[in-house]
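As structure tokens, the structure follows; a few thoughts come after it.
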Amino acid sequence: MSKLLSLVRKAPKRTSAALLMIAAAVIVPAALFAWGPERPTYTIEIPADHVTFNSITNNPNYGDERNFVTIKDAANTAKGGWTDDVTVQNGKEYYVRMYVHNNAAANLNLVAENVVANFNVPTQTAKRIQIDGYLSSSNAKPDKIWDQAVFSSDSDFNMTYVAGSATYTNNVFTAGTALPDTIVSSGATLGYDKLDGKIPGCYKYDGLVIFKVKATTASFDVQKTVRANGATDKTFKENVDVKPGDKVDYQIYFKNTGGTQLKDVVIKDTLPAGAKYVAGSTYLHNSDGTKQVADGITAGGIVIGGYASGGDAYIKFTAEISANDSLPTCGQNTLINTAKATTGNGSKEDTATVTVTKDCKTVAYTCNALSVTSLTGTALRFTTDYTVTNATFKSVTYVIKDASGKEIATKTSTDKTLDYNPGVNGKFSVQATITASADNKDVTATSQGCAATIDTTKTPGTPENPTTPKTPTELPTTGAGETLASVMGLGALITSLGYYIASRRVIL
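Here it is as structure tokens:
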């Protein structure tokens, strides 16, 4: 490869381009199949003139021997199905296979010495695990070759070697002979008619190393249930019916259902409106026993520790349901509580519900009437009559418009009376709307009776078209003069009568 790249650098541009294409053809297969090292290749027609392994590119029974490590589902017992990558499922076993072939020509009678196969099976938890296979021989060129296969999953998993599963099969060991478990550590010695490290060159001496691995994916479950606090029935359920002001116990169950260790598991609970956490009520039960833990499960959550495969835990805490008047809505309230478990492999949630009924009185809120009166100058006074029953009055909003219908002001008062000065006389229309609080929400009301108009261009008590009064042709006969004359005439009459009576007495 280095000679080829050196040639590319020295060649003219057109030749260089062609050489780069050749280089790509050589490089891509190595990257694609992840085999190594770079080495001379051979064909079935022209095998190697020395001991070398897995370098024939057109093996009629196998294909390109450089891709000599392959895998498949162990449940697949058919002859084929081998591939370079597999998506794993939890708990399933898979075969790992290595093809072994000394490519030396048969007529040369070249025997490979100290042939050893070994694999690395990573122990880490990951979404992608690569298994590398190595085949070595003390007199081969190169003396060690390698290839790989990849297992993957959408979630983290572990891959473990199945002890005692390694075998070597060839024309002598047709049923397979056992290989030591060191195949996945220091290595296992191979051979032809015995496992002595000697393998002659030719097809009839090739063989297969096969062993099993098991995938265990990361998985967990979380379940949320509830019960009435202090009730005779201690069973936790998906839903419970309670009364306003009652207390309930919430339980969260966590279990590691996968095959990997889960560290630093966090449990968080989100309470709905209408339920309040009772301080100091959280308890954790797991393999270490039962203990009270700090508050915080309904805030940022609490860490409940690490759990091996099959490990589980219970978390319990108490909440108080709101009093009747503080519940969110009239009638039936369904309070949904959500528990969330978070691990390094993601999060899962579950819910439980509490059903509680709020008893609400009949609510009434009406805007009955609006009066608008003139004050000094251009000032106006708005007075609103309203009715609010089983609700709380909050305010009255007045929308004032001029004679053209244009809105000139919006005013709000927390009293039923508001003084407003438009600054000019004119014709104005006013609409009043009341706002009240009912069932923990704002409501509004208006009506035709809460609409009024006023014209301040008119002066109260002054006729619109005044006229000058006419003088009568005769003076009226009413007044003090006529009364005085009547009194004087009566007095004269009384005087005359007195003289008459006196004269009669003298005569008599």
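Residue numbers (the working numbering): 97 to 604.
Ideal Cβ placement from N, Cα and C applies to all residues, glycine included.
9 angstroms Cβ cutoff met for residue i and residue j
i	j	result
Thr-549	Thr-540	no
Trp-242	Tyr-230	yes
Ala-404	Tyr-349	no
Ile-295	Asn-198	yes
Val-495	Glu-503	yes
Thr-285	Gly-297	no
Val-211	Ser-233	yes
Met-194	Leu-304	yes
Asn-254	Thr-278	no
Asn-203	Ser-282	no
Val-362	Asn-235	no
Thr-438	Gly-397	yes
Asn-382	Gly-407	yes
Asp-317	Lys-351	yes
Ser-251	Asn-441	yes
Thr-458	Pro-518	no
Lys-223	Ser-249	yes
Thr-366	Ala-435	yes
Same chain only: Cβ atoms within 7 angstroms of residue i, ignoring 5 sequence neighbours per side
i	result
Thr-488	Ala-532, Ser-533
Leu-423	Pro-340, Gly-370, Asn-429, Val-452, Lys-454
Ala-499	Gly-522, Lys-523
Ala-170	Glu-189, Tyr-190, Tyr-191, Lys-308
Bridge partner(s) assigned by DSSP for residue i
i	result
Thr-458	According to DSSP, which records beta bridges pairwise, Thr-458 is partnered with nothing at all.
Asp-365	Ala-435
Gly-242	According to the sequence provided, residue 242 is Trp. The question's Gly does not apply to it. Answer by DSSP bridge pairing, in chain order: Gly-132, Tyr-230.
Ile-530	Val-492, Ala-541
Asp-408	Lys-351
Arg-193	Thr-166, Ile-306
Val-268	BP columns for Val-268 are empty, so no partner.
Val-374	Partner(s): none; Val-374 has no beta bridge.
Asn-254	Thr-312
Phe-215	Gly-229
Leu-358	Tyr-403
Coil, strand or helix - residue i by DSSP
i	result
Thr-474	coil
Leu-291	coil
Asn-325	coil
Asp-169	strand
Lys-444	strand
Lys-300	helix
Val-422	Reading off the sequence shown, one finds Ser at residue 422, where the question assumed Val. Helix.
Val-309	strand
Val-492	strand
Gln-220	coil
Asn-429	strand
Thr-179	strand
Asn-203	helix
Val-520	coil
Val-280	helix
Beta-carbon proximity list for residue i, same chain, < 8 angstroms, skipping 5 on both sides
i	result
Ala-371	Val-344, Ala-415, Glu-416, Ile-417, Ser-418, Leu-431, Asn-433, Val-450
Val-338	Ala-324, Val-344, Ile-417, Val-450, Thr-451, Val-452
Ala-460	Thr-483, Val-484, Thr-485, Asn-486, Ala-487
Asp-239	Ser-232, Ser-233
Gly-272	Thr-263, Tyr-264, Thr-265, Ile-306
Close beta carbons around residue i, own chain, < 6 angstroms, minus the five adjacent residues each side
i	result
Ile-167	Val-182, Tyr-190, Val-192, Ala-245
Tyr-299	none
Tyr-301	Tyr-288, Ile-295
Val-122	Its pLDDT being 40, under 50, Val-122 is placed unreliably in this model, and the value from its coordinates should be taken loosely. Closer than 6 angstroms at the Cβ level, and outside the excluded window around Val-122, lies no residue.
Ser-467	Thr-479
Gln-388	Tyr-379
> Would you say the stretch 327–340 touches the stretch 293–310, given that touching needs at least three Cβ pairs under 8 angstroms?
Replying inline: no
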